[in-house]
Amino acid sequence: MILTQRQLELLFKTHGKIVLPYRARLTPSAQDWVRHNKVAVGYDLIALDLNQKAVVGQPIAGKYLWWSDGPDGVAKAAIGMSAREVSLDPMPILEDSSRAISAIRTLSQSILSGTAHGGVIVAKNPAIASLLANKASNLRAVVASSLAHVEEAINTIGANVMVIEREKWPLSPLKNLIVRFCKLPRKIDVVIEQELKSLGTV
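In terms of this note's numbering, the sequence shown has 244 at position 47, counting the first letter as 1, and numbering is strictly consecutive.
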């Protein structure tokens, strides 16, 4: 299989990363594009469907899981409204702060298995929840302090988990924030990626 620059651009735009089947080859222009944009190309035992613009076995674009560590009518209403525009599925974990590790483990495993792209966590203490989430090597959590901060985290570190403080946000802004978080493409700034590698976190 030989892939062109255009096909790589499409895959990167759709998935936020490029994972190809073993033995796949790139055209010279595709190789130049990878070098110029410093895009990491991974390889796996997967099937590539360029017509459907999807990589079988990789995270489903736009599919997210959510969990709350307690009751919050506003947050749940915002998630319900957001689910009309993006794919949001609840995690089958009891809503209790003592189950945070179980929720994070479920989210991490779902991303590794390709059944989810990221997650939304509603927590009474977002600092603790984000700290626990960032212990998982494939999770990069951001606390939802503002839309600008969330967008910056997505555009620089490829944040794939958003932690929302319970009973803090009004309905409409929270709904807009969740939709925005789920729809934005993920990318990691080249300089920050190198710094993260030096810390052994990627």
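C-beta atoms are modelled at their ideal positions from N, C-alpha and C, and glycine is treated no differently. Model, not experiment: these values are computed from the prediction.
- For Val283, the CB contacts under 8 Å within the same chain, skipping 5 residues up- and downstream, are Gly259, Tyr261, Ile375, Val376, Cys379 and Lys380 in chain order.
- Among the bridge pairs identified by DSSP, Met359 is matched with Val317 and Val339.
- DSSP places Trp263 in the uninterrupted beta strand (DSSP E) bounded by Lys260 to Ser265.
- Around the beta carbon of Ser334, a 10 Å sphere encloses fewer than 16 other beta carbons of the protein chains shown; the residue is thus reported as exposed.
- Each residue's CA atom was taken as its position, placing Arg281 and Gly315 some 17 Å apart.
- For Leu285, the enclosing beta strand (DSSP E) starts and ends at Ser284 to Pro287.
- In chain order, Ser265, Asp269, Ala272, Ile361 and Arg363 place their CB closer than 6 Å to the CB of Val319, counting only its own chain and leaving out the 5 sequence neighbours on each side.
- Only residues of its own chain outside the window of five on either side were considered, and among them Leu262 and Gly316 have a CB closer than 6 Å to the CB of Leu304, listed in chain order.
- The three-state secondary structure of Arg232, taken from DSSP, is helix.
- Between the alpha carbons of Thr353 and Ile389 lies a distance of about 7 Å.
- Taken through DSSP and simplified to helix, strand or coil, Ile290 comes out as coil.
- In the same chain as Arg383, and ignoring 5 residues on each side of it, the C-beta atoms closer than 7 Å to its own belong to Gly213, Ile351, Gly355 and Asn357, in chain order.
- Relative to Ile325, the option among Thr312, Ile290 and Val340 whose CA is nearest is Val340.
- DSSP places Gly277 within a helical segment (H, G or I) once states are collapsed to three.
- Between the alpha carbons of Val236 and Ile290 lies a distance of about 36 Å.
- Taking all protein chains shown into account, Ser327 has 16 or more neighbouring C-beta atoms within 10 Å of its C-beta and is therefore buried.
- Within 10 angstroms of the beta-carbon of Val216 lie 16 or more other beta-carbons, which makes it buried.
- For Ser295, there is no enclosing alpha helix (DSSP H), as DSSP gives it neither H nor E.
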